[in-house]
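Written below as structure tokens is the structure these notes are about.
There are 2 protein chains.
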Amino acid sequence: MRTPPHKTIERLSQYRRALLMVHDSDKTHIFSHEIAKIIHITPVQVRRDIMLIGYTGTLRKGYNVKELIDLIGDIIDSDTMIRVCVVGVGNLGRAIINYFSGKRTKLSIVAVFDSNADKVGKKYSGIPCHDIAELDEVIRQEDIKVGIITVPADQAQITADRLVKAGINGILNYAPKSVLVPRDVHLEEYDMITSLEKVAFYVKSD
Amino acid sequence: MRTPPHKTIERLSQYRRALLMVHDSDKTHIFSHEIAKIIHITPVQVRRDIMLIGYTGTLRKGYNVKELIDLIGDIIDSDTMIRVCVVGVGNLGRAIINYFSGKRTKLSIVAVFDSNADKVGKKYSGIPCHDIAELDEVIRQEDIKVGIITVPADQAQITADRLVKAGINGILNYAPKSVLVPRDVHLEEYDMITSLEKVAFYVKSD
DNA sequence: AGTCTTTTGTTAATTATTTAACAATTAAAG
DNA sequence: CTTTAATTGTTAAATAATTAACAAAAGACT
Ligand SMILES: NC(=O)c1ccc[n+]([C@@H]2O[C@H](COP(=O)([O-])OP(=O)(O)OC[C@H]3O[C@@H](n4cnc5c(N)ncnc54)[C@H](O)[C@@H]3O)[C@@H](O)[C@H]2O)c1
Ligand SMILES: NC(=O)c1ccc[n+]([C@@H]2O[C@H](COP(=O)([O-])OP(=O)(O)OC[C@H]3O[C@@H](n4cnc5c(N)ncnc54)[C@H](O)[C@@H]3O)[C@@H](O)[C@H]2O)c1
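Protein sequences appear in the order of chains L and H.
Every position in the first sequence, counted from 1, becomes a number in our numbering once 93 is added.
Every position in the second sequence, counted from 1, becomes a number in our numbering once 93 is added.
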């Protein structure tokens, strides 16, 4: 099967989040328009995405929740566990560690780093905090493949460089400063202000 | 001028973030390829966006940083200050309040809410925390137009309902559960797990 | 049993977004 | 002063993403 479009990948993750919640209830099947409503998209889009990944529901019964969850896993999850670290254990870092812990079976935050001696040696949501100086060593030992950056903006680039040097393959950067990485390192960046300004823009021109 | 495409609005916000940083240095002008490098897009895209908003740079000198910042402000900012509140002062809420404070001239977080009595009455980054029961009253008094949700997932919908009832026009939801709002309320949602799963997907299939 | 309604799966059409191409212009170099 | 290289602005082409259209199947209803 051809690898699905970027946007579909993104939505698959959202579908699964929604499906996992539905699965906790007693529903075994779900219609495209029900999924659509949760994600705020159209039912056609849902059906098209599901078609793209080669799943078929049952006519007039909808999609089997469990099966669809598993299939999405087959597509977007790695075979093996992907190990992740967080650099910078401030408010945002802690929010992320705490939110994420145990949420997914194929992704796991296994180490966090900070430069503040008061934090080093402590555990956050059960994950040990290492000194930033040990980053290289720990990343190699723990076989960490993805790093999340939550340090102050002026430390973002140097942190990214360290992560790259240690052999990481993907970075998720929350510091409000874009970082430069080699082309073979996959980079995602997110800035809340962009989202807020977007809301504000559409609010004002209502 | 026609209102720019959604994606351009998003990038304008990013351009401005980058330009503000450049402006702090002594550079007065910047080339499209320099902006492009910071945002990780192509120079053509940058020029096209700038064309769309009707700005013209000087040939072989690039764009005037200050002018471009101001023009982007004219497009995406509101004439008047847009007042924002945050509901849920946990790790994430505090990270947001702290990060955002004072960053933009036309957007301001003026109130935060929590249900925990220990937090009510305190100030966070200078912003007073009110009891959630006073939400309606404070939002009307303070003329708040946008709400940011950072409460636990199971409180997300009820919080959204409260905000809508109080007359808010836009919501930025960070709780990992989609909320339903009337069509005239602009909604943005973001979930870190989607970003992380995206990174993981592209990392594994490298 | 036959009709109606719902819902999927898929192809085609439409719309949105990005990328390419290139003329025009200007600063710098010789 | 002429040539060269760099850079913008814009139109056209290509690509990506969404939406529409609709046939086929299956349960519900009579
Ligand atoms: N992208 C977003 O939407 C968003 C939202 C909120 C905050 N932020 C940003 O995220 C970052 C963290 O925010 P926060 O509120 O947690 O800040 P914070 O100050 O509470 O935490 C920063 C942490 O990083 C550590 N640190 C500093 N330099 C370091 C280094 N070189 N190596 C390792 N650790 C280092 C500090 O000791 C601290 O623990 C900031 O850059 C902030 O602007 C982004
Ligand atoms: N979208 C993301 O990327 C992302 C990342 C991290 C965390 N989260 C989510 O953000 C939310 C907050 O995370 P956190 O780490 O700050 O959690 P937290 O538990 O530290 O904070 C939640 C706060 O909300 C308050 N609260 C609870 N119910 C409330 C209500 N009905 N009204 C008002 N206040 C209420 C609590 O008193 C607490 O202060 C959680 O839902 C978490 O899953 C999302």
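All C-beta atoms, glycine included, are put in the ideal place defined by N, C-alpha and C.
This structure is a prediction, so every number in the text was calculated from the model and none was measured.
Just to confirm my understanding: we take residue 107 of chain L, look at its own chain, exclude 5 residues before and 5 after, and list those with CB closer than 6 Å. What are they? 132
With a threshold of 8 Å between beta-carbons, can residue 284 of chain H be considered close to chain L, or not? yes
Under 8 Å between C-beta atoms, does residue 252 of chain H make it to chain L? no
Quick check: is the beta carbon of residue 218 of chain L nearer than 8 Å to any beta carbon in chain H? no
Determine which residues of the region 129-162 of chain L have a Cβ less than 8 Å from any Cβ of chain H, and write them out in chain order. 130, 131, 132, 133
Which word fits residue 289 of chain H, buried or exposed, when buried means at least 16 other C-beta atoms lie within 10 angstroms of its C-beta? buried
Suppose contacts are defined by Cβ-Cβ distances below 8 Å. Is residue 203 of chain L in contact with residue 235 of chain L by that definition? yes
Mind listing the chain L neighbours of residue 192 of chain H? Cutoff is C-beta to C-beta under 9 Å, in chain order. 184, 185, 269, 285, 286
Which same chain residues end up closer than 8 Å to residue 162 of chain L when comparing Cβ atoms and leaving out the 5 residues on each side of it in sequence? 109, 112, 113, 116
Among the candidates L:194, L:164, L:166, L:165, whose CA atom is the shortest distance from the CA of residue 176 of chain L? L:194
Quick check on the DSSP output: the beta strand (DSSP E) that includes residue 249 of chain L runs from which residue to which? No beta strand (DSSP E) contains residue 249 of chain L, which is instead part of the alpha helix (DSSP H) from 249-258.
Under 8 Å by Cβ, that's how I've got residue 280 of chain L and residue 274 of chain L pegged, so tell me the actual separation to the nearest angstrom. 5 Å
Once DSSP output is grouped into helix, strand and coil, what is the label at residue 223 of chain H? strand
Burial state of residue 170 of chain L (16 or more Cβ within 10 Å): buried
Between residue 153 of chain H and the rest of its own chain, which residues show a CB-CB distance below 6 Å, the 5 nearest in sequence each way excluded? none
Which one or two residues does DSSP pair with residue 313 of chain H in a beta bridge? Only positions 94 to 299 of chain H appear in the structure, and residue 313 of chain H is not among them; the question remains open.
Could you check what DSSP says for residue 156 of chain H in three-state terms: helix, strand or coil? strand
I'd like to confirm the pairing. Which residues does DSSP put opposite residue 216 of chain H in its beta bridges? H:221
Cross-strand partners of residue 280 of chain H (DSSP beta bridge): H:264
Using the Cβ count rule (16 or more neighbours within 10 Å means buried), how would you classify residue 104 of chain H? buried
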